[in-house]
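Those protein sequence lines, which keep their order, are chains V and Z. Going by our numbering, the first sequence wraps up at 136, each residue one higher than the last. Going by our numbering, the second sequence wraps up at 1285, each residue one higher than the last. Just so you know, even glycine gets a beta-carbon here, dropped at the ideal spot from N, CA and C. Bear in mind that the values here come from a model prediction, so they are computed numbers and not experimental data.
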Amino acid sequence: MTTSDDVEIPIATGDDVVRVRQATRTAAGAARLSLVDQTKVVTAASELARNTLVYGGGGEALVSQVTDERGRAGVRIVFRDEGPGIADVDLALTDGWTSGQGLGLGLTGARRLVDAFDLETAVGQGTTITVTKWRR
Amino acid sequence: MTQPGSAGQTRIAQLLTEHRDDVLGRWVAAVAGTVRGRITERELRHESEELYGLLVRQAADGPAGTAADELRSMLADLSRSRARQGFTPSETAVSVFALKQALFSLLEEKADVDADAKTYREFVLFSSVLDDLGLHTFETFAAAREQVIADQAESLLELSTPVVKLWDGIVAVPLIGTLDSARTQVVMESLLQTLVDTGSRYAVIDITGVAAVDTEVAQHLLKTVVAARLMGAECVISGIRPQIAHTIVTLGIEFADIVTKATLADALAHVLRQSGVQIISGGQA
Ligand SMILES: Nc1ncnc2c1ncn2[C@@H]1O[C@H](COP(=O)(O)OP(=O)(O)OP(=O)(O)O)[C@@H](O)[C@H]1O
Ligand SMILES: [Mg+2]
């Protein structure tokens, strides 16, 4: 279930990555996540937003506050791009592997930083990654 | 096109001249209502009188006259200064639009004038001139505002990157806020430059004020440390708060053999020791 506080942010420049980070921080604060968890989900959002920009050729992020069936609050962010897609997901999800100049830790690191991580990708069509962090 | 009146005077120009004090008074009152307190009544009065003079000339000469150009440049100056003073676009454009209201209410009160079709046509024409001028102030305002923002962003970039000398041979750079690539680059460059300029052997990079450290920020930090090493200087990273430490570990970033300290004070004590400075508490003996 999502609420009406959803924020949709286009990702086309480095400033947009900052915007995604700020929106995530706001939503995580509103969901009353602990400071450590807020920092974790913000960092994950930062990684995924930058991947959307750098590899996906731009796209968008949808930041929302969510509640699970037991009433637990959380933050969910969906990153969507229509870029080249990821040909070898296992490889991309290997610590230290990068096709560019990065540390190759963004994708795997983001997955460890959140509670739920879902990756859908198709070569030539794009990538959608959904992450959720719940309040403890 | 409305032709100027017999003596080169349009009816509007005549009305504006005849009822100068009345219209001007209403105009200034309307503008004052929106900009209250941020411009003195006298300044506003002065500004409006100047504009009014030009508008009367413009009404008499038509858009081809020299008054039109002067008007535009005066309004451009006005918009720019309003933008700098932090007015909103509507507060700025009201300087022009309010005159229409003032003139219209005058026309309404003079019933005989109202019936005059020629005056009416002229009023419509004049009011479209005013609309143009109003839009012109909007545009100049927006351009000026963007310039202000660009200037601020640039000065923030510089302001936010102070490299300070802590001790002979020890410099420090406190990083604050959000680190994007452009900012980090500026910080790191000025740090390396300061190392050269001051001949310092130690640098403390304090990240207490940084909201989050992701792989990009980490990479910038690592590169700076390596570059500093190539120049014969050692870097210490301080101010790693618990939530940041958690995140860095979870991300899998390794700071390898880089010295990290919890606080700036710890880092300073460390590099002082490294450089052979002894701190002795001030006893009496
Ligand atoms: N949205 C995407 N579209 C296409 N390819 C992607 C996308 N996101 C990630 N990838 C691929 O997955 C690889 C691994 O991504 P990851 O974020 O882990 O590392 P990185 O971005 O290269 O470096 P780092 O994030 O550590 O700075 C990337 O190098 C890229 O090839
Ligand atoms: Mg990445």
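Compute the minimum distance between the beta carbon of residue i and the heavy atoms of ligand 4, and state whether it is under 7 Å.
i: Glu-1047 of chain Z; result: You won't find ligand 4 in this model; what it holds is ligand 1 and ligand 2.
What does residue i touch in chain V if you count any residue whose Cβ is under 8 Å from its own?
i: Phe-1212 of chain Z; result: Per the sequence presented here, residue 1212 of chain Z reads as Ala, with Phe not at that position. Near Ala-1212 of chain Z (Cβ distances below 8 Å), the residues of chain V are Arg-21, Thr-39, Val-42, Thr-43 and Ser-46.
Specify the secondary structure class of residue i as computed by DSSP and reduced to three states.
i: Gly-1005 of chain Z; result: The predicted position of Gly-1005 of chain Z is uncertain, since its pLDDT is 39 and thus under 50; no value can be drawn from it.
i: Pro-1242 of chain Z; result: helix
i: Glu-1216 of chain Z; result: helix
i: Ser-1048 of chain Z; result: helix
i: Gly-1361 of chain Z; result: Residue 1361 of chain Z lies beyond the stretch modelled for chain Z, which goes from 1001 to 1285, so this question has no answer here.
i: Ala-1029 of chain Z; result: helix
i: Phe-1138 of chain Z; result: helix
i: Asp-978 of chain Z; result: The requested residue 978 of chain Z does not occur in the structure, where chain Z is confined to residues 1001 to 1285.
i: Glu-137 of chain V; result: Residue 137 of chain V lies beyond the range of chain V shown here (1 to 136); nothing can be said about it.
i: Phe-117 of chain V; result: strand
i: Gln-65 of chain V; result: strand
i: Gly-126 of chain V; result: strand
i: Tyr-1120 of chain Z; result: helix
i: Ala-1013 of chain Z; result: helix
i: Ala-1102 of chain Z; result: helix
i: Pro-947 of chain Z; result: Residue 947 of chain Z cannot be examined here, being either before or after the span of chain Z that is shown, 1001 to 1285.
i: Arg-32 of chain V; result: coil
i: Leu-1175 of chain Z; result: strand
i: Val-78 of chain V; result: strand
i: Lys-1261 of chain Z; result: strand
i: Ala-73 of chain V; result: strand
i: Val-89 of chain V; result: helix
i: Ile-1149 of chain Z; result: helix
i: Lys-1110 of chain Z; result: coil
i: Val-131 of chain V; result: strand
i: Ile-1248 of chain Z; result: helix
i: Val-17 of chain V; result: helix
i: Val-1204 of chain Z; result: strand
i: Gly-102 of chain V; result: coil
i: Val-1236 of chain Z; result: strand
i: Gly-1199 of chain Z; result: coil
i: Gly-56 of chain V; result: coil
Listing by chain order, which chain Z residues have their CB less than 8 Å from the CB of residue i?
i: Asp-95 of chain V; result: Gly-1252
i: Arg-112 of chain V; result: Thr-1250, Leu-1251 and Gly-1252
i: Leu-105 of chain V; result: Thr-1215, Leu-1251, Gly-1252 and Ile-1253
Quick one: list the residues of chain Z neighbouring residue i, beta-carbon separation under 9 Å, in chain order.
i: Arg-70 of chain V; result: Simply none; closest approach about 25 Å.
i: Val-36 of chain V; result: Pro-1242, Gln-1243, His-1246 and Thr-1247
i: Gly-102 of chain V; result: Thr-1215, Glu-1216 and Gln-1219
i: Val-50 of chain V; result: Per the sequence shown, residue 50 of chain V should be read as Arg rather than Val. Near Arg-50 of chain V (Cβ distances below 9 Å), the residues of chain Z are Asp-1214, Thr-1215 and Glu-1216.
i: Gly-149 of chain V; result: Any property of residue 149 of chain V remains undetermined from this structure, which presents chain V solely from 1 to 136.
Roughly how far, in whole angstroms, is the beta-carbon of residue i from the beta-carbon of residue j, given that I think they are within contact range, below 8 Å?
i: Leu-1195 of chain Z; j: Ala-1228 of chain Z; result: 6 Å
i: Val-78 of chain V; j: Leu-62 of chain V; result: 4 Å
i: Thr-127 of chain V; j: Gly-57 of chain V; result: That belief does not hold up - the Cβ atoms of Thr-127 of chain V and Gly-57 of chain V are roughly 10 Å apart, past 8 Å.
i: Ser-64 of chain V; j: Asp-6 of chain V; result: 4 Å
i: Ala-1030 of chain Z; j: Ala-1102 of chain Z; result: 6 Å
i: Thr-13 of chain V; j: Asp-1214 of chain Z; result: About 17 Å; that fails the 8 Å criterion.
i: Leu-105 of chain V; j: Leu-93 of chain V; result: About 11 Å separates the two Cβ atoms, so there is no contact after all.
i: Ile-1012 of chain Z; j: Ala-1059 of chain Z; result: 5 Å
i: Arg-990 of chain Z; j: Val-1028 of chain Z; result: Because chain Z spans 1001 through 1285 in this model, residue 990 of chain Z falls outside it and cannot be assessed.
i: Gly-71 of chain V; j: Ala-31 of chain V; result: The Cβ separation is near 12 Å, so there is no contact.
i: Glu-60 of chain V; j: Ile-11 of chain V; result: 6 Å
i: Leu-1099 of chain Z; j: Leu-1071 of chain Z; result: In fact, because the Cβ distance is near 12 Å, the residues do not count as touching under 8 Å.
i: Val-1096 of chain Z; j: Gly-1065 of chain Z; result: In fact, because the Cβ distance is near 18 Å, the residues do not count as touching under 8 Å.
i: Thr-39 of chain V; j: Thr-1247 of chain Z; result: 5 Å
Using a Cβ cut-off of 7 Å, pull out every chain Z residue sitting near residue i, in sequence order please.
i: Gly-126 of chain V; result: Neighbours of Gly-126 of chain V on chain Z: none; closest Cβ ~22 Å, over 7 Å.
i: Gly-74 of chain V; result: What Gly-74 of chain V touches in chain Z: nothing, since even the nearest Cβ is about 18 Å away.
Does residue i get closer than 8 Å to chain C when you measure Cβ to Cβ?
i: Leu-33 of chain V; result: Of the chains in the structure shown, none is chain C; the protein chains are V and Z.
Report yes or no: do the segment 110 to 127 of chain V and the segment 1245 to 1264 of chain Z share at least 3 C-beta pairs separated by less than 8 Å?
yes
Does the segment 1014 to 1021 of chain Z touch the segment 76 to 88 of chain V, meaning 3 or more C-beta pairs lie closer than 8 Å?
no
Chain-ordered list of residues that sit, by beta carbon, closer than 5 Å to a heavy atom of ligand 1
V:Asn-51, V:Tyr-55, V:Gly-56, V:Gly-83, V:Ile-86, V:Ala-92, V:Thr-98, V:Ser-99, V:Gly-100, V:Gly-102, V:Leu-103, V:Gly-104, V:Leu-105, V:Gly-106, V:Leu-107, V:Thr-127 and Z:Thr-1215
Within the chosen definition, does the segment 1135 to 1154 of chain Z reach the segment 1101 to 1111 of chain Z through at least 3 CB pairs nearer than 8 Å?
no
Would you call the segment 1260 to 1280 of chain Z and the segment 1204 to 1212 of chain Z in contact, with 3 or more CB pairs under 8 Å?
yes
Inter-stretch contact at 8 Å, needing at least 3 Cβ pairs: the segment 1075 to 1087 of chain Z / the segment 1122 to 1132 of chain Z:
no
Does the segment 1030 to 1049 of chain Z touch the segment 1084 to 1092 of chain Z, meaning 3 or more C-beta pairs lie closer than 8 Å?
yes
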